[in-house]
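Chains as they are written, first to last, in the working numbering: chain A, 31 to 145; chain B, 1171 to 1285. Single-structure report; data block below.
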């Protein structure tokens, strides 16, 4: 069975500062992918960044980077230079080779960027 | 390129009724997945369709069903609605090929309220 744990229900960050959102995962599969999605109040889930289990380098997408520590089974999202528009719910998710294609989501972290 | 389109955006139904939700995937995407999002249970996988066939199913009762048409559009049906079915229903589309690293693109969801 797969499991994603996000231990921070809510986070606050000052505009222009960096913030780290935590994510730990559990799977017995060797091949898996880790995703981060952003969900603003409109409801749409927006893909942010992906990290594969065999990727040797941490993924980066603009202001987003993923701090992947395989041995610790963690995949933390780092947002640099926070903007007011970054205020949203953030979900960590995983799909593994044994999960029959479905994404397993964590419970999410509500990020609020303060002016 | 148009994104994933879900209709309707909001629905209000009463217990015992049935409801049909619609999802039009991104052009060229052959896989459509459905997820239920509630404050208590978070995001849960319902099912996935690929080339008009259900390829994977989550742990939901048989009242939840779906189908996919030859143009990849998908519908989800919930019969005999219960109060607990109140949720945001999200549809996601993808190419449907590579298992672990394939991104899902989500629609804005249908907010279903059961009274």
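Just so it is clear, CB atoms sit at the ideal spot from N, CA and C, and this is done for glycine as well.
- Neighbours of residue 102(A) in chain B, taken as residues at a C-beta separation under 7 Å, are lacking, since the least C-beta distance is about 20 Å.
- 7 Å or more divides the Cβ of residue 123(A) from the Cβ of residue 42(A).
- At a Cβ-Cβ threshold of 7 Å, residue 34(A) and residue 67(A) do not count as neighbours.
- In this structure, the beta-carbon distance from residue 108(A) to residue 50(A) falls below 7 Å.
- When 8 Å is used as the limit between beta carbons, residue 1277(B) is near these residues of chain A: 74, in chain order.
- Residue-level contact check: residue 63(A) touches chain B, since one or more beta carbons of chain B fall below 7 Å from its beta carbon.
- Boundaries cannot be given for residue 75(A), as no beta strand (DSSP E) includes it and DSSP labels it neither H nor E.
- With the criterion set as a beta carbon lying under 7 Å from some beta carbon of chain B, the members of the segment 66–99 of chain A are 72, 73, 74, 75, 77, 80, 82, in sequence order.
- Using a Cβ-Cβ cut-off of 8 Å, residue 121(A) is close to 1213 of chain B, given in chain order.
- Residue burial is scored here from C-beta neighbours: residue 1185(B) has fewer than 16 other C-beta atoms within 10 angstroms and is therefore classed as exposed.
- Taking 7 Å as the cut-off, the Cβ atoms of residue 139(A) and residue 120(A) count as close.
- In the three-state reduction of the DSSP assignment, residue 1253(B) falls in the helix class.
- One finds 1270 in chain B with Cβ atoms closer than 7 Å to the Cβ of residue 126(A), taken in chain order.
- The DSSP-derived three-state label of residue 115(A) is helix.
- Residues 1206, 1207, 1208, 1282 of the same chain have their beta carbon placed closer than 7 Å to that of residue 1257(B), with the five preceding and five following residues left out of the count.
- Residues of the same chain with a CB within less than 6 Å of the CB of residue 1183(B), apart from the 5 flanking positions on each side, are 1189, 1251, 1284 in chain order.
- In the DSSP assignment, residue 1189(B) falls within the unbroken beta strand (DSSP E) covering 1189–1194.
- Residue burial is scored here from C-beta neighbours: residue 1195(B) has at least 16 other C-beta atoms within 10 angstroms and is therefore classed as buried.
- Beta bridge pairing from DSSP links residue 56(A) with 33(A).
- Taking the beta carbon of residue 58(A) as reference, no residue of chain B falls within 8 Å; the closest one sits roughly 14 Å away.
- Cβ atoms of residue 63(A) and residue 82(A) come within 8 Å of each other, at about 5 Å.
- For the 7 Å CB-CB criterion, residue 137(A) and residue 36(A) form a contact.
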